[in-house]
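J.: Numbering-wise, our numbering puts 411 at position 46 of the sequence shown, and it's gapless, one number per residue.
Think of the CB as a built atom: it goes at the ideal place given N, C-alpha and C, for glycine as much as any other residue.
Here it is, the structure in full.
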Amino acid sequence: MRMRRKAWTEPELAACPYFIEQPSAHRGQWRELFEARQPVMLEIGCGKGVSTAQMACDNPGVNYIAIDEVRHVLAVSVRNTQAAYGDETPQNIVFSAVDALRIHDTFSAEDGIERIYISFPNPWDERAKHHKRRLTHPRQLAQYRAFLKPGGEIWFKTDNDALFTATKRYLGESGFEIAYLTDDLHASGFAPNYVSEHEQLYAGQGKPIRFLIARMLDAPSADASAPISFPQGEG
Ligand SMILES: C[S@@+](CC[C@H](N)C(=O)[O-])C[C@H]1O[C@@H](n2cnc3c(N)ncnc32)[C@H](O)[C@@H]1O
Numbered sequence: 366m367r368m369r370r371k372a373w374t375e376p377e378l379a380a381c382p383y384f385i386e387q388p389s390a391h392r393g394q395w396r397e398l399f400e401a402r403q404p405v406m407l408e409i410g411c412g413k414g415v416s417t418a419q420m421a422c423d424n425p426g427v428n429y430i431a432i433d434e435v436r437h438v439l440a441v442s443v444r445n446t447q448a449a450y451g452d453e454t455p456q457n458i459v460f461s462a463v464d465a466l467r468i469h470d471t472f473s474a475e476d477g478i479e480r481i482y483i484s485f486p487n488p489w490d491e492r493a494k495h496h497k498r499r500l501t502h503p504r505q506l507a508q509y510r511a512f513l514k515p516g517g518e519i520w521f522k523t524d525n526d527a528l529f530t531a532t533k534r535y536l537g538e539s540g541f542e543i544a545y546l547t548d549d550l551h552a553s554g555f556a557p558n559y560v561s562e563h564e565q566l567y568a569g570q571g572k573p574i575r576f577l578i579a580r581m582l583d584a585p586s587a588d589a590s591a592p593i594s595f596p597q598g599e600g
């Protein structure tokens with residue numbers, strides 16, 4: 366469901382010390398934005414940041430970067446984060462507006478990202494020609510490989526079977542191994558699990574939550590290492 370633009374979005378983002386206005390200007394230097402030198406993890410498509418806020422607050426020994434392409438959704442994320450931290454200004458999380466389809470403009474290997482979280486992305490399952498917009502499509506995975514640390518991980522959740530099945534294949538084709546997988550995260554006992562807005566919604570409807578952790582191997586297969594072309598319009 367599309368969220369209405371809020372009048373307070375721009376003033377609140379402008380006033381937020383942990384909202385980064387020009388993400389590509391920090392390419393290769395994201396670690397400088399944090400006081401503490403510690404592992405850096407990236408959430409792509411954080412939405413309203415329900416799980417992001419709690420995860421960052423509970424894990425002060427990790428630095429988090431959370432991105433989404435929609436600014437008024439990010440403004441809600443900032444509000445949720447501030448609510449989780451109370452009077453304290455968060456020191457271990459930053460937010461930014463980034464279109465993940467061009468994420469290579471924003472992150473590089475020097476950023477040393479150890480883990481990527483992707484939770485409940487749009488499945489783009491109505492038309493095959495739209496599959497390339499999936500956040501787990503091989504052309505996305507090739508971009509992630511360029512900035513993930515060796516052995517880095519992708520933590521992926523979805524309620525969508527077609528997307529889950531395709532993602533397992535995309536990962537295998539792109540030089541990732543599956544390190545953990547469950548077809549029912551909430552019955553699995555996996556912990557800690559930070560429940561996102563959409564996870565809460567789908568689990569509430571009785572849908573099992575599919576979850577996997579993929580680990581980057583040294584070299585992708587020949588196909589996945591082929592040069593990538595980036596989407597222009599529909600693609
Ligand atoms: C269904 S919501 C899931 C939000 C959250 N992860 C959750 O689990 O509740 C998908 C989110 O991905 C964001 N998104 C979709 N395509 C994106 C892209 N190309 N780059 C960045 N964010 C994107 C949307 O704006 C939206 O906030």
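Could you check the C-alpha separation between I430 and Y450 for me, to the nearest Å?
T.: The count along the sequence shown starts at 1 and reaches residue 430 at position 65. The count along the sequence shown starts at 1 and reaches residue 450 at position 85. Going from the Cα of I430 to the Cα of Y450 covers about 16 Å.
J.: How far does the beta strand (DSSP E) with E542 in it reach, from first residue to last?
T.: On the sequence shown, residue 542 is found 177 positions in, with the first residue counted as 1. Segment F541 to T547, the beta strand (DSSP E) holding E542.
J.: At a cut-off of 7 Å, is D464 close to ligand 1 when judged by its beta-carbon and the heavy atoms of the ligand?
T.: Translated into positions along the sequence shown, residue 464 becomes position 99. Under cutoff, so the answer is yes.
J.: Here's a check: name, in chain order, each residue in its chain whose Cβ is nearer than 8 Å to the Cβ of A589, leaving out the five neighbours to either side.
T.: Position 224 of the sequence shown holds residue 589. Since pLDDT at A589 reaches only 47, below the 50 mark, its modelled position is unreliable, and no value is offered.
J.: Use the C-beta contact count for P382: other C-beta atoms within 10 angstroms, 16 or more gives buried, fewer gives exposed.
T.: As a working note, residue 382 is residue 17 in the sequence shown. By the 10 Å Cβ count, P382 comes out exposed.
J.: What three-state label does DSSP hand A511 in the structure shown?
T.: Position 146 of the sequence shown, counting from 1, holds the residue named residue 511. Coil at A511, not helix or strand.
J.: Identify every residue that forms a DSSP beta bridge with V405.
T.: To locate residue 405, count along the sequence shown from 1; it is residue 40. In DSSP, V405 forms a bridge with N428 and I478.
J.: Between E564 and ligand 1, is there a pair consisting of the residue's CB and a ligand heavy atom that are separated by less than 7 Å?
T.: Working through the sequence shown from its first residue, we reach residue 564 at position 199. Correct: E564 has its Cβ closer than 7 Å to ligand 1.
J.: Should D526 be listed as close to ligand 1, given that the test is whether its C-beta is under 7 Å from any heavy atom?
T.: Residue mapping note: residue 526 aligns to position 161 of the sequence shown, counting from 1. No, since every heavy atom of ligand 1 falls outside the 7 Å radius drawn around the Cβ of D526.
J.: Quick test of the definition: if touching needs 3 or more C-beta pairs under 8 Å, does the stretch 453-467 touch the stretch 396-415?
T.: As far as the Cβ criterion goes, the stretch 453-467 touches the stretch 396-415, which means the pair count is three or higher.
J.: Measuring CB to CB, does Y509 end up less than 8 Å from I519?
T.: Walking along the sequence shown from the start, residue 509 turns up at place 144. Walking along the sequence shown from the start, residue 519 turns up at place 154. A contact, by the Cβ cut-off of 8 Å.
J.: Can a CB atom of chain B be found closer than 8 Å to the CB of F399?
T.: Judged by its chain identifiers, the structure shown contains no chain B, having just a single protein chain.
J.: Between which two residues does the beta strand (DSSP E) holding F529 run?
T.: The residue given as residue 529 occupies position 164 in the sequence shown. Taken as a continuous stretch (DSSP letters only), F529 belongs to no beta strand (DSSP E), being part of the alpha helix (DSSP H) at D526 to E538.
J.: Mind checking whether the beta-carbon of F485 lies closer than 7 Å to any heavy atom of ligand 1?
T.: The residue given as residue 485 occupies position 120 in the sequence shown. Under cutoff, so the answer is yes.
J.: Could you tell me if F555 is buried or exposed, where buried requires 16 or more neighbouring beta carbons within 10 angstroms of its beta carbon?
T.: Taking the sequence shown and counting its residues from 1, one reaches residue 555 at position 190. So F555 counts as exposed.
J.: Beta-carbon within less than 8 Å of E479's beta-carbon, same chain only, minus the 5 sequence neighbours each way: which residues are those?
T.: Counting from 1 along the sequence shown, the entry for residue 479 is found at position 114. Answer for E479: P404, V405, M406, L513, K514, G517 and E518, listed in chain order.
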